[in-house]
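Note that numbering that gives the first Met the number 0 numbers the sequence shown so that position 54 is 53, with each residue one more than the last.
Virtual Cβ for every residue (Gly too), placed ideally from N, Cα, C.
Quick caveat, the model's predicted, so the values are computed rather than measured.
Heads up: the structure comes next, in C-alpha cells.
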Amino acid sequence: MNLLEIFKALSNRTRLDILERLKDPENNFPPQDEGDVHKVGVCVSSIQEGVGLSQSTVSNYLATLQRAGLVEVQRVGQWTYYKRNEEAIRSLAELIGKDL
Numbered sequence: 000m001n002l003l004e005i006f007k008a009l010s011n012r013t014r015l016d017i018l019e020r021l022k023d024p025e026n027n028f029p030p031q032d033e034g035d036v037h038k039v040g041v042c043v044s045s046i047q048e049g050v051g052l053s054q055s056t057v058s059n060y061l062a063t064l065q066r067a068g069l070v071e072v073q074r075v076g077q078w079t080y081y082k083r084n085e086e087a088i089r090s091l092a093e094l095i096g097k098d099l
C-alpha cells in the first residue's frame, strides 16, 4: 500500500467525489445497460456524465485512483468499468486508525 499515491489521489476534490459516488453507484450515476454496477462497475461515460467533466479528465482521474489501488477496472468489450476497491479502502481505514 503506497500511502503517498493514495493521499495524492485523495487530495483532489473531484477524485474524492468520484470515489464517494462509486460507493452508491445506482443513486449517483445514470443507469447503464451492463448488469449490476456493484459487480461490473460504472462505465467511464456514466462517471463523466455524473461529474460533468470531459472524458479525458475523468480518465486521468480514474487512472490516478487505479494506480493508488482505490478502484478496480474491468474491460467488457470496448467499454471500461470502474468500481471501488473496498478491501483496499478498509485496509487504509484500519491503517489510519491504528498508525496515524
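Note down, in chain order, each residue of its chain lying with its Cβ closer than 6 Å to the Cβ of residue i, except the 5 sequence neighbours on either side.
i: PRO24; result: VAL36, VAL41
i: PHE28; result: VAL41, SER45, GLY49
i: PRO30; result: none
If I'm right that residue i touches residue j with Cβ under 8 Å, what's the distance once you round it to whole angstroms?
i: ARG83; j: LEU18; result: 7 Å
i: VAL57; j: GLN47; result: 5 Å
i: VAL43; j: LEU61; result: 7 Å
i: THR13; j: VAL70; result: Not a contact, Cβ separation roughly 14 Å.
i: LEU9; j: LEU15; result: 5 Å
i: LEU99; j: MET0; result: At roughly 13 Å, the Cβ-Cβ gap does not stay under 8 Å, so LEU99 and MET0 are not in contact.
Just to confirm the assignment, what range does the alpha helix (DSSP H) spanning residue i have?
i: GLN77; result: No alpha helix (DSSP H) contains GLN77, which DSSP labels as neither H nor E.
i: SER45; result: 43-50
i: ASN27; result: 24-27
i: LEU9; result: 2-9
i: VAL57; result: 54-66
i: LEU15; result: 12-21
i: ASP98; result: 85-98
On the CB-based measure, 16 or more other CB atoms within 10 Å of its CB, does residue i come out buried or exposed?
i: SER45; result: buried
i: LEU91; result: buried
i: LEU21; result: buried
Going along the chain, which residues of its own chain have a beta-carbon closer than 8 Å to the beta-carbon of residue i, five neighbours each way excluded?
i: VAL39; result: GLU33, GLN73, VAL75, TYR80, LYS82
Within its chain, find whatever has a CB closer than 7 Å to the CB of residue i; leave out the 5 residues flanking it on each side and keep chain order.
i: GLU4; result: ARG66, ALA67
i: ILE88; result: LEU69
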